[in-house]
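Numbering-wise (my numbering), the first sequence opens with residue 423 and increments by one. Every residue gets a Cβ at the ideal spot worked out from N, C-alpha and C, and that includes glycine. Remarks on the structure that follows.
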Amino acid sequence: NGWRVLRPMGFDSFGLPAENAAINEGGHPREITERNIAAIRDQMKRLGYAIDWKREISAHEVEYYRWTQWLFLKFFERGLAYRAAAPVNWCPYDQTVVANEYVIDGRCDRCGTLVEARMMEQWFFKITAYADELLHYDLPEWGEWPERTKTIQRNWIGRSEGAEILFRIEELDVDVPVFTTRPDTLFGATFFVLAPEHPLVERIEDDEVREYVKRTASRRGEARATEETKTGVFTGLYVTNPVNGERLPVYVADYVLMEYGTGAIMAVPAHDERDREFAEAFDLAIRQVIDEDGVLINSGEFTGLPADQGKERIVDWLAEEGKGRPAVSYRLRDWSFSRQRYWGCPIPIIHCDDCGMVAVPESDLPVVLPEVEDYRPKGVPPLASNEEWLYVPCPKCGKRARREADTMDTFVDSSWYFLRYVDPHNDRAPFDRRLVDYWCPVSQYIGGIDHATGHLLYSRFFVRVMREMGLVGFGEPFGRLFHQGWLQMGGSKMSKSRGNVTGPDDLVDEYGADAVRTYILFMGPADQDMEWTDTGIEGVVRFLRRLWRVVLEVATNTRPMHHNDTQQVTALGRKAHTTIAKATNDIERRFHFHTPIAAVMELTNELGRSPDDPAARFAAETAVSLIQPYAPHMAAELWERLGHERLWDEPWPEADPALLERETFELVVQVNGRVRDRMEVPSDLADDELVERATASPRVQSYLDGGKIRQTIVVPKKLVNFVTD
RNA sequence: GCCGGGGUGGCGAAAUCGGUGAUACGCGGCUGACUUAAAAUCAGCUGCCCCCUUCGAGGGGCGUGCGGGUUCGAGUCCCGCCCCCGGCACCA
């Protein structure tokens, strides 16, 4: 009531789903995309969604993606978008790189194909620079994010505290850093391991080592993790343990990952399961340095300290000696966002032999997605096939240069769209900061839990950076977050990408938009997945018909005793008020949409039993008002039949607190915690009067049976409980 | 293994602050009314066990994954387990 609410709609229209559909059906991705958008828009209108269509945006339209490109350039200027060779996930079906966040169980989230690890030069956003910040939340509203979402993000970022320690290899004249969370076990290190991809390994001239590295390169990731026994090879080199000068043999083994920490570890077989397995396989020493009580042993001057103190003291000592320092490591990796596909936002970069990577000048934006002969994926970016588009003069030196032909991941488009909603037609900037600061952060965000480590993290990263740039005045994109469940059909999630969707069209044809909307919300809590059943909706259809009939009966009731007497408060009138209170509280505060429907059903049932009640008209109006968000078409019609005009111009009904209080209530009388009698008593009785009435009950007397009452508990407006010996 | 979320009838679920015979509302099922019949609609019943029965109903016990505990009173709080779902995981 009285709030200004923005209800926009947009389409994340670039990307693989649209492009793959176009490939399967034939035709240009743009045609398919725009046809689908039109169909979805029509469906939403048929269902009666209240959307401000003037603000509609689509990621694939030039007016939108020119500002995606503009933002990219801002990130590029700050070094937050960079190109580098790195191990990436390659989807052999879609013929493109896929972000870590959208590889699920080793498979491409879009097509379900197993991805391969490849070393490729790709574009990355430096989200890792914000790893620590993204663990901390800037909005009090963050408290309203579901616990599980926060946990998923925390796990994904994967912060661990420990130390970086330098181990010297004399033969190569280098200090090799390792990351460890257990510097307290430093005295227990008995060997040292390099990942096969570690740069130092190339310098080791040893056939066996070369052979091993070659062998492991072919089975990475999954295959490596499921290996039963640890494999590795001795390099002939030794490192010096900085804390005691011991010389430890250096191995190359693929249980050490280049992607995490420094790609090298100190191995402490006594206190690490994996190191122990390796030590047992290679017959290496195992030295315990912490006893059962968590106290350091065999640890030189640190012996006798509890482990947590030992940790600190050893790191302090290393720092003084210049051989180590406290360090933090993250699991999160930079976001790879370049795709070797056609249907996406072009990356506004020009590669020049002399000047290197040059940003397309802002004044030359947008870089319009060119037409190409054949946009099917072939592993090389399709944009490169349009040579007229590809070759342009270098903006710096004017020499012939080449455009970047990769396109952006569609999650770049969706990392800022909510800001565009407030100013969708601005052609001088992505948005006006004043408007954004007025409307945003988004008060209530709704989306699937499946985006916890993807879209929801990317957007938080984008907004952090945009705040630093002065583009927005806040650091979190979304306040309250709600994860809706998915409709299921035959046990699996109905979704566009899975293709098991019963289009709402058929259901609307059969049952009507109001019934479909009401049933979907009545099925259960909105955050739960729900199996669609046709028999379920029949119940809702019956209810809506009953409501229709009962309200019409009231609307046309001309019997003389029927009038809207606000003075005379009846049970039905009170029921209407408690229904308002419940529905309002459940929707606003609890985000429960199924219980208000149940409450209106109850009200309707009661109204049907007493259509001549003096409060019948009020009860009918209440039922119609409360059902409006669910069944807006029918509610609007009934409202008119009740002699009013436009229901959607009416304020939400308010319960009269005075009428929520009943004049009498049912007093429950317990003896030793068991209900023994109930009686209707006036609400304004004092405690001792309640006890008096309770004691008077013959039923209660029979249970007290002359026994001694040890204690009497009175809960106002509820019950009296006698405790006997 | 670590972290998070859950477990209530035949089914979807409700019980908002420890205070009404747990299971509202709906689905399904059973019975009846209306009907030539069906549909639609309406009414009643529908957790388990036992006792009494004059057939109206009444009475007792057990029940919210399992076992304990706190309390006058526990679906709700505490301790210990079991199971299901999700995230992370050769992450040093």
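### Task
Drop a sphere of 10 angstroms on the beta-carbon of PRO1163, count the other beta-carbons inside from all chains shown, and report buried for 16 or more, exposed for fewer.
Residue coverage of the chain in this structure runs from 423 to 1147, which leaves residue 1163 outside it and unanswerable.
### Query
Under a Cβ-count criterion, where at least 16 other Cβ atoms within 10 Å of its own Cβ denotes burial, should LEU1060 be classed as buried or exposed?
Counting Cβ neighbours within 10 Å, LEU1060 comes out buried, since at least 16 surround it.
### Query
If you drop the 5 nearest sequence neighbours on each side, which residues of the same chain put their C-beta closer than 7 Å to that of VAL1097?
For VAL1097, where only same-chain residues beyond five positions count, the Cβ hits under 7 Å are VAL1090.
### Message
Below 8 Å on the Cβ atoms is my contact criterion, and I expect ALA948 with GLY907 to pass it. Report the Cβ-Cβ distance as a whole number of Å.
### Response
Confirmed, about 7 Å.
### Message
Does the contact criterion of 3 or more C-beta pairs under 8 Å hold for the segment 830–842 versus the segment 767–774?
### Response
Yes, the segment 830–842 touches the segment 767–774.
### the segment 1070–1082 in contact with the segment 951–971 per 3-pair CB rule at 8 Å
By the Cβ test, the segment 1070–1082 is not in contact with the segment 951–971, since fewer than three Cβ pairs between them sit closer than 8 Å.
### Query
Using the rule of at least 16 other Cβ atoms within 10 Å of the residue's Cβ for burial, across every protein chain shown, is PRO1079 buried or exposed?
Result: exposed.
### Query
Which residues bound the alpha helix (DSSP H) around ALA1021?
Taken as a continuous stretch (DSSP letters only), the alpha helix (DSSP H) holding ALA1021 covers 1016–1031.
### Message
At the level of alpha carbons, what is the spacing between ALA539 and TYR634?
### Response
Distance between the alpha carbons of ALA539 and TYR634: 18 Å.
### Query
What are the start and end residues of each continuous alpha helix (DSSP H) run of 4 or more residues lying completely inside the segment 532–580, in chain order?
Segments of the alpha helix (DSSP H) lying fully in the segment 532–580: 553–556, 569–579.
### Message
I need the straight-line Cα distance from GLU668 to VAL717, nearest angstrom please.
### Response
Between GLU668 and VAL717, the C-alpha separation is close to 22 Å.
#### Entry: Neighbour-count burial assignment, THR1150, 16 or more Cβ in a 10 Å radius
The question about residue 1150 has no answer, for the chain in this structure spans 423 to 1147.
### Query
Do you know how far the Cα of PRO1018 is from the Cα of THR1001?
Here the C-alpha atom of THR1001 lies approximately 8 Å from the C-alpha atom of PRO1018.
### Message
Using 8 Å for Cβ pairs, my map puts GLY586 next to ALA749. What's the rounded Cβ distance?
### Response
It is worth fixing the name first, because residue 586 is Glu in this sequence and not Gly. At roughly 4 Å, the Cβ-Cβ gap stays under 8 Å, so GLU586 and ALA749 are in contact.
### Message
Suppose contacts are defined by Cβ-Cβ distances below 9 Å. Is VAL711 in contact with GLY610 by that definition?
### Response
If you check the CB distance, VAL711 and GLY610 come in under 9 Å.
### Message
Less than 9 Å between the C-beta atoms of LEU994 and GLU1028, yes or no?
### Response
Taking 9 Å as the cut-off, the Cβ atoms of LEU994 and GLU1028 count as close.
### Length-filtered (4 minimum) alpha helix (DSSP H) runs lying within the segment 822–890
Within the segment 822–890, complete alpha helix (DSSP H) segments of at least 4 residues are found at 832–835, 839–842, 855–861, 877–890, given in chain order.
### Query
From what residue to what residue does the alpha helix (DSSP H) around HIS1055 run?
Taken as a continuous stretch (DSSP letters only), the alpha helix (DSSP H) holding HIS1055 covers 1054–1063.
### Query
Could you check where the beta strand (DSSP E) with ASP516 kicks off and where it finishes?
For ASP516, there is no enclosing beta strand (DSSP E), as DSSP marks it with neither H nor E.
### Query
For VAL639 versus GLU619, is the C-beta spacing smaller than 9 Å?
Checking the sequence, you will find Ala at residue 639 rather than Val. Yes. Within cutoff.
### Query
What is the C-beta distance between THR662 and PHE589, in whole angstroms, given that I count them as a contact (C-beta under 8 Å)?
About 7 Å; that satisfies the 8 Å criterion.
#### Entry: Three-state class that DSSP yields for LEU428 in the structure shown
Three-state result, LEU428: coil.
### Message
Going by the DSSP bridge assignment, what does PRO509 pair with across the sheet?
### Response
Answer by DSSP bridge pairing, in chain order: MET541.
### Message
I need the boundaries of the alpha helix (DSSP H) containing TYR486, first residue and last residue.
### Response
484–499 is the span of the alpha helix (DSSP H), which, as asked, contains TYR486.
### Message
I want to know whether the segment 787–794 touches the segment 479–495 - three or more CB-CB distances under 8 Å.
### Response
Touching, yes, given that three or more Cβ pairs across the two stretches are closer than 8 Å.
### Bridge partner(s) assigned by DSSP for SER758
Partner(s): PHE546.
### Enclosing beta strand (DSSP E) for LEU1141 [first to last residue]
Counting along the chain, the unbroken beta strand (DSSP E) around LEU1141 starts and ends at 1141–1146.
### Task
Let me know if HIS1014 comes out buried or exposed under the rule of 16 or more other beta-carbons within 10 Å of its beta-carbon.
Residue environment analysis places HIS1014 among the buried positions, since at least 16 neighbouring C-beta atoms fall within 10 angstroms of its C-beta.
### Task
Have a look at the DSSP bridge pairing and note the partners of GLN710.
In DSSP, GLN710 forms no bridge with anything.
### Of the residues PRO803, TRP489, VAL1046, the one placed nearest TRP970, counting alpha carbons only
Checking every option, the nearest Cα to that of TRP970 belongs to VAL1046.
### Query
From VAL973 to ARG1063, what distance separates their C-alpha atoms?
Rounded to the nearest whole angstrom, the C-alpha separation of VAL973 and ARG1063 is 9 Å.
### Message
Please report the straight-line C-alpha distance between GLY448 and GLU523, rounded to a whole angstrom.
### Response
If I take the Cα positions, the gap works out to 30 Å.
### Query
Can you tell me where the beta strand (DSSP E) with ASP597 in it begins and where it stops?
According to the DSSP assignment, ASP597 belongs to the beta strand (DSSP E) that extends over 596–602.
### Task
Just grab the DSSP bridge partners of PHE613 for me.
For PHE613, which the question treats as bridged, DSSP gives the partners ALA689.
### Message
Assuming the contact rule is C-beta atoms closer than 8 Å, VAL1103 and THR1086 should be a hit. Round their C-beta distance to whole Å, please.
### Response
Going by Cβ atoms, the distance from VAL1103 to THR1086 rounds to 6 Å, so yes, they are a contact pair.
### Cβ pair count under 8 Å reaching 3, the segment 812–829 against the segment 755–764
These segments touch.
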